[in-house]
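Okay, so here's the structure we're looking at.
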Amino acid sequence: MRPEQRTPIARYRHSLWLLTQRDLRVRYSTSVLGYFWSILDPLVMAGIYWFVFTQVFDRSVGNGPYIVFLLAALLPWMWFNGAVSDCTRAFLREAKLIRSTRIPRTIWVNRLVLSKGIEFVASIPVLVLFVIVYGAELGVEAFFFPLAITIQAMLTTGVGLLVAPLVVFFRDLERAVKLILRFLFYASPIIYGTTDLPPELHFWAAFNPLNGIFSLYRAAFFPEQLDWFAVTLSAVISLAFLGLGLLVFRRSERAVLKEI
């Protein structure tokens, strides 16, 4: 089917997939290790935290096996962190191409979310390998994985649509986002679980949308980590971020095109 015969939605999907493929090819075309670079960073981080908490301090954090507990949240965190970080330069990096094409501008954010999401999905076999090696039990809660991916995709897209145009007008926001992401890493249940927090903080921790998302991922191996109150709040907050991101993006699109 020729491009002009496709529906707008079909053309959007086609363009999104082409740009996502381009991102992945460019990212790994000159790399010898290729795919392994996408999993090496979280593996190194997981190894460091595993060594510190289990070998150095010997503290009971999270659930055992701790390496599986870590990776179940660290891998989706890398998706969120990488996509939001890249979105801070989504328009600045592709300014000439954005001005010279008529495809919907949201695609420049969605391609980053999708490419990082594909890397996350490609890293799941690594998690499965550690599950097998350490003998972690896989429960029926594994069926919640698609729900977790859907909620996280909404949240990441919403934050990306919010950040991408604002950075064009406020360049210091790029550095601020990096600091916020660093703080959010330690404020989210990644190296620890929500149950490790003091009881009076459990309610407030649920308002971090990543809390419910990570509990869905971890529930596949640690059912006691599932918190439906946090999951519900995560879904609501993610939808709110998506709506706010679309609103800000639409209202600032013309100004962004003039600025870049």
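Numbering-wise, UniProt numbering puts 56 at position 56 of the sequence shown, and it's gapless, one number per residue.
Note that the Cβ used here is the ideal one computed from N, Cα and C, for glycine as well.
No experiment lies behind these values; they were computed from the predicted model shown.
Item	Value
Let me know the secondary structure DSSP gives E119 once reduced to three states.	helix
Does the Cβ of residue 333 have 16 or more other Cβ atoms within 10 Å, making it buried, or fewer, making it exposed?	This structure gives no information on residue 333, because the portion of the chain shown stretches from 1 to 260.
Using only the alpha-carbon positions, how far apart do I118 and L112 sit?	10 angstroms
Taking V84 and V177 to be in contact with their CB atoms under 8 angstroms, please state how far apart those CB atoms are, rounded to whole angstroms.	7 angstroms
Under 8 angstroms by Cβ, that's how I've got L74 and I190 pegged, so tell me the actual separation to the nearest angstrom.	6 angstroms
Pick from A255, Q225, N81: whose alpha carbon is nearest that of L155?	N81
Could you check what DSSP says for P104 in three-state terms: helix, strand or coil?	coil
Please report the distance separating the alpha-carbon of T195 from that of F249.	37 angstroms
Pair every Cβ in the region 195-207 with every Cβ in the region 115-134, then say whether three or more of these pairs are closer than 8 angstroms.	no
Where does P8 land, buried or exposed, given buried means 16+ other C-beta within 10 angstroms?	exposed
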